[in-house]
Each structure stands twice: as C-alpha cells, then as structure tokens.
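Following our numbering, the numbering of the sequence shown begins with 76 at its first residue and continues without gaps. For glycine and all other residues, C-beta sits at the position ideal for the given N, C-alpha and C. The structure displayed is predicted, hence computed values, not measured ones. A quick write-up on the structure given underneath.
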Amino acid sequence: MLVLVINSGSSSLKYQLRDVDTHDDEASSRAVLAEGIVERIGFEGGPSDHAEALGHVDAELAAVLGDRTIDAVGHRVVHGGERFAEPVLVNNEIIRAIERLNPLAPLHNPANVLGLRAISAKWPDTPQVAVFDTAYHRTIPERAWRYAVPDWLYTHHGIRRYGFHGTSHQYVATRAAELLGLEPDEFDGVVLHLGNGVSATAVQAGKSIDTSMGFTPLEGLVMGTRSGDVDPSILVFLGRQGHSPDEIDDLLNRQSGLKALAGSNDMRAVVEAADAGDRRAAMALEVASYRLAKYIGGYHVSVGGAKAVVFTAGIGENSAPFRARVAERLGALGVVLDGALNAVPSKEPRVISAPESDIPLLVVPTDEERAIAEATAAVVRPT
Ligand code: AMP
C-alpha cells in the first residue's frame with residue numbers, strides 16, 4: 076500500500092511517499108519512495124497557493140510511481156481539540172471541524188486545512204486521513220489537563236492542557252516497549268522528545284497520562300527558541316510595560332530558549348561552546364537539563380514508577396553530551412548511565428544505561444512520517 080504523507084505549513088508543503096508494507100527496520104529509509112518539500116508558497120518566485128504546490132509534488136511523484144497509484148494520503152494535523160482521539164477518515168465535515176479549531180492553533184491548523192482542501196480537490200477519489208498531534212494525549216485525566224482558573228476560560232475558550240508531539244510519543248513508547256520485551260499496554264515510562272520543540276510525556280500502561288506542553292506548545296521544557304514554563308505574571312508585567320501581545324508572543328516563542336540563553340538554538344553549537352569554556356552556553360545546558368530532570372522525577376511519580384526513560388528526536392537521538400548531563404541529574408532515581416554505550420552513534424533503538432541502573436535509559440529514534448503512514452493505512456484498510 077502506498078501512502079503519501081503530507082505536512083502542510085503556512086508557506087511550505089512537506090511530503091513523503093511510503094510503501095507501508097515494506098518492513099525494513101534496519102533501513103526504514105527503503106520504505107520511502109520519494110520525499111521533498113515545496114517552499115515559499117505565496118511568496119514571490121514560489122507557487123501561488125497549496126494547490127499549485129501540489130502540482131509540483133505531483134510532477135515529482137509521477138516519475139517514481141510509474142503505473143502504481145497512491146492508495147491513501149495521511150495528513151499531519153497539529154490540533155484535534157477535544158474531539159479527535161484517533162486518526163480519522165477525512166470528509167467535508169471533518170475539514171470544517173478542523174477549521175473550527177483554528178483559534179487554538181492559529182499558525183498550524185489553517186495551513187493543515189489548506190493541504191486537506193488542495194488534496195481533496197486534486198484527488199477526490201483517494202482516501203485521506205487526518206493524524207492529530209494532540210490525539211495521543213486525549214487519555215490524560217482531568218487532574219492533569221485542568222488549569223486552576225475560572226471554569227468559563229475552559230467552557231468558553233477551550234483553555235485547558237492539550238499536549239503535542241503525540242504521534243512521536245506514541246510511536247516511541249510502542250518501540251520502547253518492544254525493546255524491553257513488553258506489550259505496548261505494559262509500558263510505564265517517561266518519553267522525552269528533544270528536538271527544536273521539546274516535550275516530555277508520562278506514559279502509563281501505554282497511554283499518555285501527562286505531558287509537558289499545554290494549551291499551546293509553549294509550556295514546559297526549555298526548547299530551541301521557546302521559553303517553556305515562566306511565571307504567567309511576566310506576560311502581564313510586559314503587557315503593562317507597553318509590549319503588545321504579538322511582541323510578547325514573539326519574545327517567548329522565537330527569542331527565548333537555548334537561543335536566548337546561549338545565543339544559538341543548535342544543540343551542537345551550544346555543547347561545543349560550553350566545552351570551549353563559554354559560561355553562557357554552559358549555563359544554558361544546566362538550565363535545560365535541570366528542568367528536564369525535574370519533569371522526569373515528577374513523571375516517575377505520575378506513572379507509579381517508570382520502567383524506562385526514553386530519549387528521542389534530534390537532540391535526544393544524537394546529543395550524547397546532553398543525554399549525559401540529564402542522566403547525571405537522575406542519580407536519586409538510581410539511574411546509572413553507561414558512558415561507552417551512550418557515546419556510540421547509532422540509528423537503532425538501544426539501551427544506554429548500565430545493567431545495574433534501577434531505571435533503564437533508552438534511545439529510540441522517532442519517525443513521525445512512518446507513524447502517520449501506518450496510522451493512515453490502518454484507517455483505510457478493509458478489515
Ligand atoms: P528536530 O526538531 O527533531 O529536528 O531536532 C532539532 C535539534 O536537534 C536541533 O537543536 C539540533 O541542534 C539538534 N541536533 C541534530 N543533530 C544533532 C547532533 N548530531 N548533535 C546534537 N544535536 C543535534
């Protein structure tokens with residue numbers, strides 16, 4: 076079965092064509108028949124809209140497809156609100172429902188809707204599936220998703236914690252269980268998605284029961300350019316100082332995090348600078364790893380004792396120095412890193428803790444496109 080995975084941004088359209096029946100874990104890349112990105116949509120020199128961008132994708136795919144056809148299209152959709160707990164087959168009503176969630180994800184959902192509409196128009200007979208970043212977190216209990224604020228903020232504005240990166244957390248939790256020889260629903264642990272966006276999820280019996288991102292992807296951990304947790308009064312203070320909502324949004328989402336603390340949002344550069352004696356870079360790593368360790372300790376309690384702590388995404392998979400800094404702070408949980416295992420670069424799921432570690436540390440590469448393609452196939456396949 077051939078699935079086209081679409082990740083549609085406001086001015087870009089990323090695609091990957093996958094054969095979901097090719098199970099080649101050693102080189103999962105063999106399942107990928109084509110991939111690419113069309114950028115500058117709506118800008119000078121770029122395609123005028125998503126429909127035109129899709130024309131470019133179509134031309135690229137034609138060469139690869141030959142006489143085969145695309146069986147289904149899987150879309151990454153950022154916000155599924157309270158309604159979507161699972162991937163769904165798309166129809167007009169579903170697209171309108173996603174559109175109604177635009178106020179909750181004003182940068183992402185409108186772009187996802189453009190992608191959904193462009194594909195419906197171009198390939199009306201090809202089934203499309205929406206896979207939501209929030210869906211995995213729909214099992215979070217109310218005690219964890221409620222903010223302690225007046226009820227109308229929730230009932231009127233939908234202000235509650237939703238959580239993001241769900242497709243990645245679910246995929247990684249499932250692979251981590253496999254690595255430990257457990258069924259997915261036997262897995263209790265903490266999954267750390269450490270990329271440009273950073274989030275931690277508390278997984279109990281295979282389900283998300285808490286996660287560090289909240290109403291938006293700004294809450295929680297220190298990220299590439301996002302602050303994560305701050306005292307909300309800081310926003311009020313800045314507003315009273317005359318900063319506009321847009322300025323405050325930009326400050327916390329694009330001018331903060333590692334970029335603010337160390338001058339770069341690239342973890343490699345920050346580690347190199349710290350090793351070369353840059354005090355700000357060293358402190359940035361301390362702030363980020365300290366806050367992460369605090370969340371891991373909290374989630375260890377939330378899940379009733381983690382059976383593993385799992386690292387994934389750009390930093391989690393590749394930055395041995397950052398993993399080591401986090402592991403060092405987990406001594407109170409009886410965690411013991413194996414420095415040699417941690418240092419070996421690999422694309423495989425693996426254990427990086429010592430045998431005597433009370434909680435195993437794992438590295439499990441994420442693959443959101445694969446997860447979206449498989450979820451899409453599961454929805455459209457006749458049962
Ligand atoms: P992602 O959002 O998952 O693509 O991750 C992006 C982050 O991963 C950036 O902060 C990169 O600096 C970081 N990253 C990617 N490769 C490496 C590497 N080899 N060592 C350290 N950090 C890396």
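Within its chain, find whatever has a CB closer than 7 Å to the CB of R192; leave out the 5 residues flanking it on each side and keep chain order.
-> Cβ within range, chain order: I170.
Report yes if the C-beta of M288 is less than 7 Å from at least one heavy atom of the ligand AMP; otherwise report no.
-> Result no, Cβ not under 7 Å from the ligand AMP.
Grouping DSSP H, G and I as helix and E and B as strand, with all else coil, what is G352?
-> Taken through DSSP and simplified to helix, strand or coil, G352 comes out as coil.
In chain order, what residues of the same chain lie with their CB nearer than 6 Å to the CB of Y374, ignoring the 5 residues before and after it?
-> V265 and A277.
At least one CB of chain D closer than 8 Å to the CB of S274: is that the case?
-> Within the model displayed, chain D is absent; a lone protein chain is all it includes.
For the ligand AMP, list every residue whose C-beta falls under 5 Å from any of its heavy atoms, going in chain order.
-> Environment of the ligand AMP, chain-ordered: G270, N271, D341, M342, R343, A388, G389, I390, N393 and S394, taking every residue with Cβ within less than 5 Å of a heavy atom.
Thinking C-alpha only, which one of L296, S123 and T242 is nearest I371?
-> Closest by alpha carbon: L296.
Could you spell out where the alpha helix (DSSP H) holding F397 opens and where it closes?
-> Its alpha helix (DSSP H) spans residues A395 to E403.
At which residue ranges does the stretch 159–194 contain complete alpha helix (DSSP H) runs of 4 or more residues, listed in the order of the chain?
-> Counting whole runs of 4 or more residues, the stretch 159–194 contains the alpha helix (DSSP H) stretches 167–175.
Which runs of the beta strand (DSSP E) fall wholly inside the stretch 244–286 and span at least 3 residues, in chain order?
-> Qualifying beta strand (DSSP E) stretches, in chain order: 264–269, 273–279 and 282–286.
Would you say the stretch 280–297 touches the stretch 215–227, given that touching needs at least three Cβ pairs under 8 Å?
-> Contact between the stretch 280–297 and the stretch 215–227 is established, with three or more Cβ pairs separated by less than 8 Å.
Using CA coordinates, which residue listed in S87, D304 and A381 is at the minimum distance from Y365?
-> Per the Cα distances, D304.
Simplified DSSP state of A205, which is helix, strand or coil = In the three-state reduction of the DSSP assignment, A205 falls in the strand class, which pools E and B.
From P259 to V139, what distance separates their C-alpha atoms?
-> Going by the C-alpha atoms only, they are around 35 Å apart.
Decide if D442 is buried, meaning its Cβ has at least 16 other Cβ atoms within 10 Å, or exposed.
-> Under the 10 Å beta carbon count, D442 is surrounded by 16 or more other beta carbons and is classified as buried.
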